[in-house]
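Here's the structure, in C-alpha cells; my notes come after.
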Amino acid sequence: MLSVERHYRDLQAAHKRGFYFSPAHAWHCINFVQGWFVHTTGPLGGKPIVLDGWQLFWTAALIGWREIDTNLRRFRTGYEEVARKNGKSTWMAPIGTYLWMMDGEEGAQVYTIATTRAQAMPVFKPAFANVKRWVRKSPRLAKSIKIFEGANQEKMVLFGEFGESVYEPLAANAESLDGKNPYVVLVDELHAHKDREVWDVMISALGARLHPLINAITTAGFILDGICVEIRTYLVKVLRGEVIDDRMFGVIYTIDEGDDPYDPDTWVKANPSLGSAKTYTYMQEQATRAKVLPSARANFLTKDLNVFVGDALSWFDMTVWDKGGKKFDRDMLKGRRCFGGLDLASTRDITAFVLLFPPADGDEDGDWYVLVWCWVPEAKLQGDQDAGSDYKAWSKKGWLTVTEGDVTDYDPVKEVIEQAVQDYDVQEIAFDTWNSTHLANQLLENDVPMVKLPQNFGGLSPGAKHIERLVYSRRLRHSANPLLRWCAGNVTLLIDSNENIKPDKKRSQGRIDPIVAMCMAATRVMVHLDSENDQLFVPV
5 MLSVERHYRD
15 LQAAHKRGFY
25 FSPAHAWHCI
35 NFVQGWFVHT
45 TGPLGGKPIV
55 LDGWQLFWTA
65 ALIGWREIDT
75 NLRRFRTGYE
85 EVARKNGKST
95 WMAPIGTYLW
105 MMDGEEGAQV
115 YTIATTRAQA
125 MPVFKPAFAN
135 VKRWVRKSPR
145 LAKSIKIFEG
155 ANQEKMVLFG
165 EFGESVYEPL
175 AANAESLDGK
185 NPYVVLVDEL
195 HAHKDREVWD
205 VMISALGARL
215 HPLINAITTA
225 GFILDGICVE
235 IRTYLVKVLR
245 GEVIDDRMFG
255 VIYTIDEGDD
265 PYDPDTWVKA
275 NPSLGSAKTY
285 TYMQEQATRA
295 KVLPSARANF
305 LTKDLNVFVG
315 DALSWFDMTV
325 WDKGGKKFDR
335 DMLKGRRCFG
345 GLDLASTRDI
355 TAFVLLFPPA
365 DGDEDGDWYV
375 LVWCWVPEAK
385 LQGDQDAGSD
395 YKAWSKKGWL
405 TVTEGDVTDY
415 DPVKEVIEQA
425 VQDYDVQEIA
435 FDTWNSTHLA
445 NQLLENDVPM
455 VKLPQNFGGL
465 SPGAKHIERL
475 VYSRRLRHSA
485 NPLLRWCAGN
495 VTLLIDSNEN
505 IKPDKKRSQG
515 RIDPIVAMCM
525 AATRVMVHLD
535 SENDQLFVPV
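Under my numbering, the first residue of the sequence shown carries the number 5, and numbering increases by one thereafter.
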C-alpha cells in the first residue's frame, strides 16, 4: 500500500520538512465521528458509525499531519478512490461536518460538489440527518445551528463569534460556484467530470484560506483523459516518492495489473470494507453477470474493482449472437403484438426498420423475434464498400432493398411500414426526430403509431440493456440475417458515468443502423409493457 509506506517514511523524515504527526488531532476527529454519528439508512440505521481500519487510517493521516510552526493541517489536496458500496459517503459526511464545526475556522464554507446537486447529496445527507438529530435533542445547539430544508434548499449554517459557517451541497457549474469562498470542498465522483474547469475554479477560490482542503471521493470510471485520471496519476507519483508534494494526500484501492477480476481473493484490494459494508454475496452476483454481459463486465471492473476502462467496448460475442440464428417462418408472427424502430439514413447509409416481438402472453421464458428491413441507394453499391459488407449479395438474397438514385428513396420504406401495420399488431414505432420528421408525419396521417425517441443515452440505454440480456440468454431469434449479423459485429458500445449504455455510430467499426433501430424498439417495449408483465424482462 503506497499510502501506508509513505506515511511511515514521513514519520521518520517529515520533521525535516516542517511537519509532524499528531495522534491527538487524529483521535479528536475519530472520536467525534464515532461518538456522535449514527447510520441513517439500511439495516444499521440508528446505530453508531464504527470506522473500518482503512477509514481510520485515512482520517488519522488527513487530520493528524500538521505543520510544526503553525499546528495547522498539512494536507491541502486529497484523493480517495474506492469501489462503490464501501461506505465512503457515510464516512465522508462526518469528516465534512468535523471540518465545518470543529476545525477552528471562522466563517468556514464547506461544500459537497458533484456534476449535479442531486449527485452531491449522498455525501451531504448523512451529515444533514445527524445534525438535525442533534438540534432536536439540544436546545443549546439549536441556538447555534440553523437548518434549511426543502427540495434543493438543504443546507446548514453554524453561527460563530465572527460570522456564519455554511455546509451545503452544490452542482458543479459556474453559476452555483460563483462568489463562493470555500474552506473545504468535497468533490464526489470526480470520474464523472469531463474536464478540469470546476476543479480549477475551486483551487483558485481556496487561495483565500490558511489551510483549505479540496478532497475528491470517487470510484473509477470511463473517462481516460479527464481530471480524475490526471489527479490519480499525479498522486501515484507522489506516493511513490517520484514527486515531492507535501500538500497532497490520497489512497487508491484497486486490484493490481494482472489480477484475475473473478478471483474472490483479489476483491478486497478494491473493497476494503468487504465483509462489512459490502458483502461477498453481492460481489459474486456482480461477477456472475460480468462474465456474461459486456456492459456488466465494464461496470464490474470500474465500479466494483476500481479499474478505469475506456467508455467504448465491443458489444457482442458473435459466437453467442449466432445461437439465435435458427430459421423461422415470418408468417408465424402474423397478427402478433410487436414494437418497431426506424432509423433513417441521411444520404447513402443504411435505412433500417425493425419489428421486435415479445413472447406470446403467458410464455415468460419464450423467445423474442426480430424482423428487419434495410435499404440503401443504388449509388452505395457502385462506390467503395464498407469493410466486411456484401451489399450486392444481400440484395440478391432479399436481406437488403436497393432504391434508385444517389440517396435512399423513402417511398418504399413508407410502403413497407404501412404493410407491416396491416400484417402485425404494431403497438408503436419509435423514430428519431432528426431526419425522420417528414416521413413520420406522413405515416401518422395514415394512423401509423409513430413515437418520438431520441438516439441518446436516455432513449437507447433501456432498450440496449434489454437486447444485451436477450442475446446473452440466447432468447433473441434473428433468423441468421447476415446483414444484421455484420452490423452486430460492428457495434461499439458507449458507457456513461451513470452506467447507461448505447451503441455508438461514430466509434463503431461499420454500419450499425438496424441494431440502433432494434434498441429503439426495445426501449418502447420496456416502457409499454413494464406495468403489464414484469416477466417480459429477462433476468440474468
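Glycine is no exception: its CB is placed at the ideal position from the N, C-alpha and C atoms.
Opening and closing residue of the alpha helix (DSSP H) in which residue i lies
i: Arg144; result: Pro143 to Ala146
i: Met5; result: Run containing Met5: none; DSSP gives neither H nor E here.
i: Ala397; result: Tyr395 to Lys400
i: Gly82; result: No alpha helix (DSSP H) holds Gly82; the beta strand (DSSP E) holding it covers Thr81 to Glu85.
i: Ser465; result: Phe461 to Tyr476
i: Met545; result: Residue 545 lies beyond the stretch modelled for the chain, which goes from 5 to 544, so this question has no answer here.
i: Gln423; result: Tyr414 to Asp427
i: Phe36; result: Pro27 to Trp40
i: Trp325; result: Met322 to Trp325
i: Trp104; result: Lys92 to Met105
i: Gly493; result: Pro486 to Asn494
i: His442; result: Thr441 to Glu449
Short Cβ contact (8 angstroms threshold) for residue i with residue j
i: Ile516; j: Cys491; result: yes
i: Val4; j: Ile149; result: Since the first and last residues shown for the chain are 5 and 544, residue 4 lies out of range.
i: Pro466; j: Met530; result: yes
i: Leu549; j: Leu359; result: The structure shown does not extend to residue 549, since the chain is modelled only from 5 to 544, so the question has no answer here.
i: Met96; j: Phe132; result: no
i: Thr119; j: Ala176; result: yes
i: Gly82; j: Leu217; result: yes
i: Asp192; j: Pro126; result: yes
i: Trp550; j: Glu84; result: Outside the displayed range of the chain (5 to 544) lies residue 550, so it cannot be described from this structure.
i: Asp508; j: Ala316; result: yes
i: Met252; j: Phe79; result: yes
i: Ala87; j: Asn310; result: yes
i: Leu76; j: His215; result: yes
i: Asp260; j: Lys241; result: no
i: Lys282; j: Lys510; result: no
i: Tyr257; j: Ala291; result: no
i: Arg341; j: Pro363; result: no
i: Thr412; j: Trp377; result: no
i: Ile72; j: His19; result: yes
i: Gly111; j: Gly167; result: yes
i: Trp325; j: Val475; result: yes
i: Phe312; j: Val202; result: no
Cβ neighbour criterion (16 or more within 10 Å) applied to residue i
i: Val544; result: Low confidence applies here, because Val544 scores a pLDDT of 38, under 50, leaving its location unreliable and the question unanswered by this model.
i: Gly230; result: buried
i: Ser208; result: exposed
i: Val54; result: exposed
i: Ser7; result: buried
i: Tyr373; result: buried
i: Thr74; result: exposed
i: Pro173; result: buried
i: Pro52; result: exposed
i: Met322; result: exposed
i: Asn445; result: exposed
i: His197; result: buried
i: Asn35; result: exposed
i: Met105; result: buried
i: Leu488; result: buried
i: His442; result: exposed
i: Asp308; result: buried
i: Asn275; result: buried
i: Gln602; result: No answer is possible for residue 602: the residues shown for the chain start at 5 and end at 544.
beta-carbon residue i near the ligand COA non-hydrogen atom, thresh 7 angstroms
i: Asp369; result: Inclusion of the ligand COA in the displayed structure is not the case, the ligand content being empty and no account of it being possible.
Continuous beta strand (DSSP E) stretch holding residue i: start and end
i: Thr578; result: Examination of residue 578 is not possible in this model, given that the chain is present from 5 through 544 alone.
i: Arg1; result: With the chain running from 5 to 544 in the structure shown, residue 1 is simply not present.
i: Ser318; result: Ala316 to Ser318
i: Val161; result: Lys159 to Phe163
i: Lys456; result: Met454 to Lys456
i: Ala356; result: Thr355 to Phe361
i: Leu346; result: Arg341 to Asp347
i: Leu375; result: Trp372 to Pro381
i: Thr44; result: Note, Thr44: premise wrong, no beta strand (DSSP E); not H, not E.
i: Thr407; result: Thr405 to Thr407
Beta carbon proximity, residue i to chain D, threshold 8 angstroms
i: Glu449; result: Of the protein chains in the structure, only one exists, and it is not chain D.
Segment contact, 8 angstroms Cβ cut-off, at least three pairs: the region 418–432 with the region 445–452: yes
- prompt: Does the pairing of the region 337–349 with the region 288–302 give three or more beta-carbon distances under 8 angstroms?
  reply: no
query: On the three-pair Cβ rule with 8 angstroms, is the region 344–358 touching the region 432–447?
result: yes
message: With a threshold of 8 angstroms, are at least 3 pairs of Cβ atoms found where one atom belongs to the region 287–297 and the other to the region 481–495?
response: no
field: Inside the region 172–228 only - beta strand (DSSP E) runs reaching at least 3 residues
entry: 188–192 and 217–222
field: Sufficient close CB pairs (3 or more, under 8 angstroms) joining the region 140–159 to the region 224–238
entry: no
- prompt: Any chance the region 236–250 sits against the region 511–525, with 3 or more Cβ pairs inside 8 angstroms?
  reply: no
field: Cβ pair count under 8 angstroms reaching 3, the region 96–112 against the region 36–44
entry: yes
message: If we require 3 or more residues per run, which beta strand (DSSP E) segments fall completely within the region 222–301?
response: 252–256
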